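Protein chains in written order, with this note's numbering: chain A, 4 to 348; chain B, 4 to 348; chain C, 4 to 348; chain D, 4 to 348.
Put into structure tokens, the structure is as follows:
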């Protein structure tokens, strides 16, 4: 950490600043410039995190040098990317993996039908919400335990692993008993009680970026999970909230290569929430894979027009199959493989 | 709701759109313009919420007419503002109320000392976090149950009511047993499991706006609490996340008068998190009250330089007392009173 | 346009609203719902643009139905995409075109060297700024007329067409005399005096999106140019300003497919300003092309470390050549060709 | 400036970094920490502005220490606030000054009528646009030279000084010949050709913050004007563009006290564009003055319902007079005076 002193800092104030830093176990080095005095702090910067530097008299600005996350930082892993295994496939390997399915679990039949269709098109993971976070208390909020039961059933009938969102720390263990991967949704990215809970379970976590979360915030949220012992975290870019009103969210494409440089965790994209419109799903998907994403999470519904949630952004089976067919060339251009069963849907 | 059809909509598609709307119990009225056909939907718009209109063939755009919240809407209350009683005072009345105290409960002694100081300066509510949401898992996250115990003790010794944040639905009832008002923090504004839980308790709720929450989202979060039976909600503007990097957040001043026009719930401001800097707390406070805020939530610490969190933005006792002294004239200019005990600290 | 009346609208107010609309030459149609009264306005909505509807007593909200741009709208052109010819190639055709070169023209030698290198790698257009907009008045702001002279010279020596930014309406004609395409920069996207001026010239225009411009604003800026008679406009997404601080700007990837659906004008991307970092240029470029961009504008410099501006985000010749080599597969996956000369640099 | 080296920086790279810095005339000081090496640069940081540090091998991050503006910085002026004289009054003194008038000059009669009304209510400056920047090329864009003639006439008849916007560097001198203060609008805050032009005129400048301009960008725009010799700049906060859609812009209240701490230039607020709604103008005005603003710019129109632009956010004469009457107490609470003629309108 580098501390820049105010122009009018006194010798006593400087001494006091140094004492606070040294009391935390770091060394200090003072450089007096023509117009500014600078205090370099040498040692483990994390030990300074508790000190409100800007409230110490004489301090003008503070410049952290170290990253605030450790386990999530690229340096932590010798491998290029951590592999997160879900069923027979792993996020973070040569294959670009696709999770697909409806926003909400609506019935066993529709989940079975969807599972078969998306698996036929190349998805290796079925998504579907049993507990749904909804902006309005009057909207459909999921089948809950009945939804979990359906997911279990569909999983055993189709052999397709399942990912679903967990909203409440009280449900985490129960949900983990029914599915293969736990999703932490956008609105809960900084629900620390929930992050700690899934950090104690041995289930892969799909961590979606918060609507106003910086990429550092996202990595710190992953760090919450990892610091509790669960290292199987997949990060998901799904669009952020900006002034742009033409699309549901603003898909922050550059987050993907930035994260790939900064962390060893796999990174996937959710093109459905990003664009919020069916006709934007394919181009956003192609772009995400071109930019290096390890996979996608795509909303697919047997009949989007009757979907209980997110119908506007859900693909039909035929649209999904067409998109997967076109995606193959982009995955290959990116040096990736894309799973496509012999007899596609 | 008004539905605008695509230019090339067919008669069959139009019929289908009308059937979907009428099946939900509304009437439709079709206007054919020179370039567009418009379907007006007459009746209870809420019944259309489940239909993904944009995924119905022939629909180009959809224009909701009704507000998505009911209990929180101004129309719901004949009174100008709902009064939310906390201890001897009520938010939403003639008095502008101030809650003050440290970010975190650090010890019984500092809370007692702070409680007496802020009460002496005119605060009618003591704030202090026992459970702290922190962006990094390595930061101090509160004394937890010990913090609650301290708050109970200080409350009984000073007679000052207490507000503290609740982070986890599993703690809600326990926290409510120790304090007078429950705070839902910024990062949990859309933690719906938590909102439902505090909606079932009979404790006033201080609901802080999320960093990327629209004002409609904020009112819908209040609606979650209210629709469970707890009507005692106070809304808090505390700054939003924008491109502006000079202040910790961007204080959305106009949210205050907008909310006062739109809802009957009291509205307060948090100048400490908004600006993130001690020297911005007073001007933001004056402005909030000038714009019609029903109160303030201010961070105050006996020794900000040693605070375990938010020291940069915490006022000293003397600074808080000075601010309250200056605030009086602004409150009066706004037609409000400000509580100031005879023998101020 | 649809006008929603206030709940308590009087019959006189309703009559007055209708009179204002009808005086502008439109017909009105009133629907009385249970809770709201709605006035549909039938006819040319543009005639209502001058009326401040929300200031008319009894009006609660206004819902425009028509797009505010005409010439830029997809409907205007029967072709899928307008072709904008620059030199031997056209933006908007089967080929994905790349403009490349330094941020600033620094000398004739470096421009010649760069022109040859980027042409060898497949660029069909040389970029370089003679007049530079700089946030600080103390930064290098271009060689100005000497820069134009260099661009002319390099253009005639290499045969490569040239694009450069015009900042000042007084320079527009002079700049147009030296180059093949005029760039309107981000900070000038709503410099209407400048837009009108280039609208009167017969030179293709590269119109960069403003940092806070909605996509509708961008299309209206294009409409300024087109409504003066110059239909040769290429739109450029280059990142917007959001809370995201990890990259220089937030590249709004979804703007590309959204624009391709909404307008007939070609759309290109600037990956250099979007990411602001050399190692993000290639992934953003691949993504833009995968999402359907008609081309790219890339900063390339013989020695980025000594560049007078934007060195951090400029590719070396070798990096540019490598990127173009990898780009080919993405262009082909998108059904596009990419120009690559036989004997690459 | 402080340069942080990459973990794996080589001795040769370190030498090269130091050479680049020292060649610019600064001294360097290297601190080797346990995990990072830091190069402190001692001397005039502005000399490093041309060097793209991040493109030098071995550099990981760069931390500027000095402010990029000089003339606009608070340090530059011994006075607390620079006084900018316009007519008989000065911005930046004890009085809080109000400029008022319509968005557009529509006729001589309406300007005379408005001038008299706003002067009667206490305004000391008449505003009105002769050249109007409009998002759409099809909107009314001002009476232009006829508008200037009207402003001159009204100014001489009423004695009220006049402020109007200048859009085009070719008009700057002509406009300055007719009015007392030149406004640079939001969309032109970084129109550097225009800033340089008004920097050469001896007319006070009202510089409005750009929609996506950081406060540092705003001060650098002021620096453009000042560095050309014109030190009479008044800064204006008018709202920024964020995700917030409930108000036309997001009024960044904290910008006012932040600017007052950072610069010696007067700071005013435009509550009309900030809120975009007539009923938000008064509370935003009160708040701005409470937070320390030196004045206001308010849209007032004889008949907002027929205004050719911005009718939704324009006050009637009676509303403006009422607002000024209420404003007095807030100005006084802020230690300011507010001009109110004996016989108010």
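The beta carbon of each residue, even a glycine, is placed where N, CA and C say it ideally should be. Quick caveat, the model's predicted, so the values are computed rather than measured.
Item, Value
"Spatially closest choice to residue 196 of chain B from A:199, A:191 and A:100, by CA coordinates", "A:191"
"Distance between beta carbons of residue 256 of chain B and residue 294 of chain B, contact taken as under 8 Å", "6 Å"
"Below-8 Å beta-carbon distance, residue 348 of chain B vs any chain D residue", "No answer about residue 348 of chain B holds up, because its pLDDT of 39 lies below 50 and its placement is not dependable."
"Boundaries of the alpha helix (DSSP H) in which residue 153 of chain D is found, first to last residue", "148-161"
"Chain C contact for residue 80 of chain B (CB, 8 Å cutoff)", "no"
"Three-state secondary structure assigned by DSSP to residue 107 of chain A", "strand"
"For residue 73 of chain D, the three-state DSSP class (helix, strand or coil)", "coil"
"Terminal residues of the beta strand (DSSP E) in which residue 63 of chain A lies", "62-66"
"Beta carbon proximity, residue 269 of chain D to chain C, threshold 8 Å", "no"
"Three CB pairs or more closer than 8 Å across the segment 88-96 of chain D and the segment 16-33 of chain A", "no"
"Below-8 Å beta-carbon distance, residue 245 of chain A vs any chain C residue", "yes"
"Short Cβ contact (8 Å threshold) for residue 287 of chain C with residue 274 of chain C", "yes"
"Three-way DSSP call (helix, strand, coil) for residue 235 of chain C in this model", "coil"
"Test item: CB-CB of residue 167 of chain A and residue 157 of chain A under 8 Å", "no"
"Between the CA atoms of residue 67 of chain D and residue 7 of chain A - distance to the nearest angstrom", "10 Å"
"For residue 190 of chain A, the three-state DSSP class (helix, strand or coil)", "helix"
"Among D:45, D:212, D:38 and D:39, nearest to residue 32 of chain D - alpha-carbon criterion", "D:45"
"Contact set for residue 43 of chain D: own chain, Cβ-Cβ below 6 Å, skip 5 residues either direction", "5 and 32"
"Under 8 Å from the C-beta of residue 58 of chain C: neighbouring residues of chain D", "281, 307, 308, 310, 314, 315 and 317"
"Contacts of residue 16 of chain A in chain B (Cβ-Cβ under 9 Å)", "Per Cβ cutoff of 9 Å: no residues; residue 16 of chain A is ~11 Å from chain B at best."
"Residue range of the beta strand (DSSP E) that includes residue 32 of chain C", "30-35"
"Residue range of the beta strand (DSSP E) that includes residue 92 of chain D", "92-94"
"Contact with chain C by residue 266 of chain A, beta-carbon distance below 8 Å", "no"
"Residues of the segment 213-225 of chain D whose Cβ lies closer than 9 Å to any Cβ of chain C, in chain order", "213, 214, 215, 216, 217, 219, 220, 223 and 224"
"Spatial distance of residue 250 of chain D from residue 285 of chain D (CA atoms)", "14 Å"
"Three-state secondary structure assigned by DSSP to residue 282 of chain D", "helix"
"Euclidean distance between Cα positions of residue 107 of chain D and residue 301 of chain D", "13 Å"
"Residue burial classification, residue 263 of chain C (beta-carbon count within 10 angstroms, cutoff 16)", "buried"
"Complete beta strand (DSSP E) runs within the segment 241-290 of chain D (minimum length 3 residues, chain order)", "270-272"
"Cutoff 8 Å: residue 323 of chain C Cβ touching any chain D Cβ", "no"
"Span of the beta strand (DSSP E) around residue 126 of chain C", "Element bounds for residue 126 of chain C: n/a, residue is neither H nor E."
"Sub-8 Å separation of residue 340 of chain C and residue 102 of chain C beta-carbons", "no"
"Residue from A:48, A:36 and A:152 with nearest C-alpha to residue 2 of chain D", "Past the edges of chain D, shown from 4 to 348, lies residue 2 of chain D, and the structure says nothing about it."
"Spatial distance of residue 214 of chain D from residue 189 of chain C (CA atoms)", "13 Å"
"Rounded C-alpha distance that separates residue 233 of chain C from residue 74 of chain B", "54 Å"
"CB contact check: residue 248 of chain D to chain A, cutoff 8 Å", "yes"
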